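So the sequences go chain by chain: A and B.
For the first sequence, my numbering begins at 245 and goes up steadily by one.
For the second sequence, my numbering begins at 874 and goes up steadily by one.
Note that beta-carbon positions come from the ideal geometry of N, C-alpha and C, so glycine has one too.
Predicted model only: the values in this text are computed from it and were never measured.
Here the structure comes first, spelled out in structure tokens, and everything after it is commentary.
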Amino acid sequence: MNNKEELLKSKEERALEKKRLKQEKYYMSSQWQLMGRKLLKHKLAIFSIVLLGILYFCMIFSDFIAPEDLENYSAKYSDSPITKIHTVHEGKFIGPFVYAQKFKFNDYGQKMYYEDTATPHRISLFVKGTPYKLLGFIKGDVHLYGVKNEDGTPSDVKVLILGADNLGRDMFSRILLGSKVSLTVPLLGTAISFVLAVIIGGVSGFYGGIIDTIIQRIIEVFMSFPTLPLWMALSAAIPTGISVTNVYILITIIMSLLSWPGLARTVRGRFLSLKKEDYVLAARLAGVSDFKIIVKHLVPGFMSYLIVNLTLGIPNMILGETSMSFLGLGMRAPATSWGVLLQECKSINNIANCPWKLIPLVFVAITVLAFNFLGDGLRDAADPYK
Amino acid sequence: MSEVILKVNNLCKYFDSKGVTIRAVNDISFEMEKGETVGIVGESGCGKTTLGRTIVGAYVPSSGSAEYRAADGEVYDLSNIDKKKMKELRKEIQMIFQDPYSSLDPRMTVFDIISEPLKANFKLKKEEIEEKVKFIAEKVGLKTEFLKRYPHAFSGGQRQRIGIARALVMYPRLIICDEAVSALDVSVQAQVVNLLKDLQKDMDLTYIFISHDLSVVEHISDRVGVMYLGRMVEYADTASIFEKPMHPYTEALLSAVPIPDPDMNNERIPLAGEIPNPANPPKGCPFHTRCRYCTEKCHTEVPEFREREKGHFVACHLTDTSMIKGIVKPKEGM
Chain A
245 MNNKEELLKS KEERALEKKR LKQEKYYMSS QWQLMGRKLL KHKLAIFSIV
295 LLGILYFCMI FSDFIAPEDL ENYSAKYSDS PITKIHTVHE GKFIGPFVYA
345 QKFKFNDYGQ KMYYEDTATP HRISLFVKGT PYKLLGFIKG DVHLYGVKNE
395 DGTPSDVKVL ILGADNLGRD MFSRILLGSK VSLTVPLLGT AISFVLAVII
445 GGVSGFYGGI IDTIIQRIIE VFMSFPTLPL WMALSAAIPT GISVTNVYIL
495 ITIIMSLLSW PGLARTVRGR FLSLKKEDYV LAARLAGVSD FKIIVKHLVP
545 GFMSYLIVNL TLGIPNMILG ETSMSFLGLG MRAPATSWGV LLQECKSINN
595 IANCPWKLIP LVFVAITVLA FNFLGDGLRD AADPYK
Chain B
874 MSEVILKVNN LCKYFDSKGV TIRAVNDISF EMEKGETVGI VGESGCGKTT
924 LGRTIVGAYV PSSGSAEYRA ADGEVYDLSN IDKKKMKELR KEIQMIFQDP
974 YSSLDPRMTV FDIISEPLKA NFKLKKEEIE EKVKFIAEKV GLKTEFLKRY
1024 PHAFSGGQRQ RIGIARALVM YPRLIICDEA VSALDVSVQA QVVNLLKDLQ
1074 KDMDLTYIFI SHDLSVVEHI SDRVGVMYLG RMVEYADTAS IFEKPMHPYT
1124 EALLSAVPIP DPDMNNERIP LAGEIPNPAN PPKGCPFHTR CRYCTEKCHT
1174 EVPEFREREK GHFVACHLTD TSMIKGIVKP KEGM
């Protein structure tokens, strides 16, 4: 009896101790840890992080996951619809396979695809195909899936899980490979505008006075430009003959040139309000130098807000790059991005007969939404002290 | 109590905003001795905080001087001093802030907050800093294991202790307490005030205690200065201010202090109207618009701030004629 009571007591004590430790952990959490705790409670933001994680993971390994490269033209597969994946051939289960796509012309001269059900082509994993360099330096020629001939060489039967474009290239491969541009331009662009915003906004907010006034007026001029015509003007200035890499860099710069003014405003505003905080005065009175005050008090103070604004700015960049490329002002074939892929949707014929060509739009929408939800969650978590 | 540590002469601090000059601190003079506590009282917006911040060097005064006798015995004019020397004097003059929430950076641990002044001013080894911070933390009543926490773990009173520890870590001589206890609830106020008093004895500190709470000021101060509209209207030792005020404004303020004795018949002297706009102060005596003894002379002439009795300074034309009451304190034991 006594023993039992003691046991109960120690159990209670342990529970109390556990609670105390948990409390202590909360007390010792830094701003970022507190933000993380709050963000974890935002279900939609967590879902978005997972989704974006998958997208970026696929982007990094796109050369491996995509069964083809960008230049795998094939007249045989031009405008081919999504390939059906079967498992049962002539009443026998033989695992996932596809039939070769054949086509004939109907009475109106339209290309009609049908399946040649004579021979099944097994889909195998890790198939040898076109060589690539993963991340630019890991050489390889193995692709995640594909169809191979009996002797192990790549077959010309294609598994088009998202259909083909009008040159017979696999849409899925193109979307994956295009994401290399569409998913990185916004990140790089935001990084550039982040640097510009912190420097220009910081100078404006910290020094104030006439410097502040001049910078603010310049920002207003930048913000009053209509974006689309400015893009068009700037993109038109990109010479046609230059390499894909250079076009990519130029587009990134154009995107960031147009997004820094808003961010710089945010930085300036936070600077101004943080400058008046008592703890900044306390640091000044303690003899801390201006530079140290900026680095230790002001920058950490607005960093969370800036990250929120950066995240919420990314969708605009994605949409911007997509629209530019769609209009033919950004990336140009054979280089690709989601905007380039959507170019084919300019004609009603394509949309009506090959609706799978709109699939890049789904990727754009998902990414934009995910970044928006993530930004939303971050905004709620940005100030854990309120 | 002999050495004068701070002598403020005709100190002014004006703020210019959109062409309007606000005289937040207007021609203030007083002196204080080492080891004493001077309370500064007045309503909101009368310039108490500006006065404190000007003395501590957060603002550059518009005119006048604040002569401070440093530890090395030299006298420096804080209003006109080169940056290098000022940095040295910062170690000696520190400030405790009103709001225990906004005065601590939420992104730094308590240890970082308290050690920041040390790191900025001395080249110390890590262990030395740690030792000093721990010592001061214990002194203000913070457990050493609290040092790893962030400010969000603490209540207002504990946060104020952190702020006090930060001010004390360099062993200053003069501390400006800007409404240091106003944001705390009453029981915690008493703790912090007593802590400040103990520390004063322990570390030989001189306080300028800015507050709007007369009972706290009475409790802690040796001398009290009463401010109105940027000016000092009365300055004397605590007992004479509370028992024999000479300025009608002080009288009105004192009449508003509740006395916990039902037998005391205390007449409230209500102040008519609002505090005038400091950008456009009334001509003559700044208090004449609300003074119940106001005469013709008060409308035109600014009264001189001068010593009426020994150590009792007043700025009022009517000190000799008016019937100004103090508080008749119930004798102890009754």
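Let me check one thing: in DSSP terms, what residues is residue i bridge-paired to?
i: residue 598 of chain A; result: Answer is none; residue 598 of chain A lacks a bridge partner.
i: residue 360 of chain A; result: A:344
i: residue 619 of chain A; result: Bridge partners of residue 619 of chain A: none, in fact.
i: residue 368 of chain A; result: A:390
i: residue 1109 of chain B; result: B:1097
i: residue 1047 of chain B; result: B:966, B:1079
i: residue 414 of chain A; result: A:408
i: residue 378 of chain A; result: A:382
i: residue 912 of chain B; result: B:1082, B:1097
i: residue 1185 of chain B; result: B:1182
i: residue 1104 of chain B; result: B:1101
i: residue 355 of chain A; result: A:349
What span of residues does the beta strand (DSSP E) with residue i cover, start to end?
i: residue 890 of chain B; result: 877-890
i: residue 574 of chain A; result: It is not in any beta strand (DSSP E) - residue 574 of chain A carries neither H nor E in the DSSP assignment.
i: residue 1182 of chain B; result: 1179-1182
i: residue 894 of chain B; result: 893-906
i: residue 1145 of chain B; result: Element bounds for residue 1145 of chain B: n/a, residue is neither H nor E.
I need the boundaries of the alpha helix (DSSP H) containing residue i, first residue and last residue.
i: residue 402 of chain A; result: From DSSP, residue 402 of chain A is part of no alpha helix (DSSP H); its letter is neither H nor E.
i: residue 432 of chain A; result: 429-451
i: residue 1172 of chain B; result: 1169-1173
i: residue 1006 of chain B; result: 999-1012
i: residue 549 of chain A; result: 543-570
i: residue 1224 of chain B; result: Residue 1224 of chain B lies beyond the residue range present for chain B, which begins at 874 and ends at 1207; the question has no answer from this structure.
i: residue 993 of chain B; result: 983-994
i: residue 1037 of chain B; result: 1029-1041
i: residue 1124 of chain B; result: 1121-1128
i: residue 480 of chain A; result: 471-480
i: residue 584 of chain A; result: 582-586
Report yes or no: is there a C-beta of chain E within less than 8 Å of the C-beta of residue i?
i: residue 1082 of chain B; result: The chain inventory of the structure shown lacks chain E, comprising the protein chains A and B.
Worksheet item: Closer than 7 Å, Cβ to any Cβ of chain A: which residues of the region 978-1004 of chain B, in chain order?
Response: 978, 979, 980, 989, 990, 993, 994
Worksheet item: Whole beta strand (DSSP E) runs in the region 928-967 of chain B with 3 or more residues, listed along the chain?
Response: 936-942, 948-950
Discussion item. As an exercise, report each continuous alpha helix (DSSP H) stretch of at least 4 residues that is fully enclosed by the region 501-533 of chain A, in chain order.
Written reply: 522-529
Item to complete: Let me know the beta strand (DSSP E) ranges lying completely inside the region 273-353 of chain A, each 3 residues or longer, listed in chain order.
Response: 330-333, 336-349
Discussion item. I want to know whether the region 400-410 of chain A touches the region 282-297 of chain A - three or more CB-CB distances under 8 Å.
Written reply: no
Worksheet item: What residues from the region 928-949 of chain B come within 8 Å of chain A, judged by C-beta to C-beta, listed N to C?
Response: 929, 930, 931
Worksheet item: What residues in the region 1096-1107 of chain B bring their beta carbon closer than 9 Å to a beta carbon of chain A?
Response: none
Practice prompt. State whether the region 1011-1018 of chain B contacts the region 945-965 of chain B, with contact taken as three or more CB pairs (one from each stretch) at a distance under 8 Å.
Written response: no
Practice prompt. Evaluate the contact criterion for the region 1115-1125 of chain B versus the region 934-951 of chain B: three or more CB pairs, one atom per stretch, below 8 Å.
Written response: no
Worksheet entry | Residues within the region 525-554 of chain A neighbouring chain B, beta-carbon criterion of under 8 Å | 525, 526, 527, 528, 529, 530, 531, 532, 533, 536, 540, 541, 544, 545
Item to complete: Say whether the region 470-482 of chain A touches the region 512-522 of chain A, bearing in mind that this needs 3 or more beta-carbon pairs closer than 8 Å, one atom from each stretch.
Response: no
Item to complete: Check distances from the C-beta atoms of the region 558-592 of chain A to those of chain B and list, in chain order, the residues that come in under 9 Å.
Response: none
Fill in: Stretch pair the region 443-463 of chain A + the region 574-587 of chain A: three plus CB contacts closer than 8 Å
no
Worksheet entry | Residues, ordered as in the chain, of the region 271-283 of chain A that lie near chain B by beta-carbon distance below 8 Å | 271, 272, 273, 274, 275, 278
Worksheet item: Between the region 505-527 of chain A and chain B, which residues of the former have CB atoms less than 7 Å from a CB of the latter, in chain order?
Response: 521, 522, 523, 525, 526, 527
Worksheet item: What are the residues of the region 1014-1035 of chain B that lie near chain A, defined by any Cβ-Cβ distance shorter than 9 Å?
Response: 1018, 1019, 1021, 1022, 1023, 1024, 1025, 1026, 1027
Discussion item. So if I threshold CB-CB distances at 7 Å, which residues from the region 609-629 of chain A count as touching chain B?
Written reply: 629
Worksheet entry | Meets three-Cβ-pair contact criterion under 8 Å: the region 891-898 of chain B and the region 917-934 of chain B | yes
Discussion item. I want to know whether the region 1081-1097 of chain B touches the region 904-917 of chain B - three or more CB-CB distances under 8 Å.
Written reply: yes
Item to complete: Determine, using beta-carbon pairs with one atom in the region 535-549 of chain A and one in the region 560-573 of chain A, whether at least three such pairs fall under 8 Å.
Response: no
Worksheet item: Are the region 986-998 of chain B and the region 542-561 of chain A in contact at 8 Å, needing three or more beta carbon pairs?
Response: no
Discussion item. Check whether the region 404-418 of chain A and the region 516-534 of chain A touch, using three or more Cβ-Cβ pairs below 8 Å as the test.
Written reply: no
Worksheet entry | Residues from the region 951-963 of chain B in contact with chain A, defined by Cβ distance under 7 Å | 960, 963
Discussion item. Does the region 329-342 of chain A come into contact with the region 353-373 of chain A, if we say contact requires no fewer than three beta-carbon pairs (one atom in each stretch) closer than 8 Å?
Written reply: yes
Worksheet entry | contact_flag[the region 1096-1113 of chain B, the region 1147-1167 of chain B] where n(CB pairs < 8 Å) is 3 or more | yes
Worksheet item: Three or more C-beta pairs closer than 8 Å, one from the region 301-314 of chain A and one from the region 343-358 of chain A: is that the case here?
Response: no
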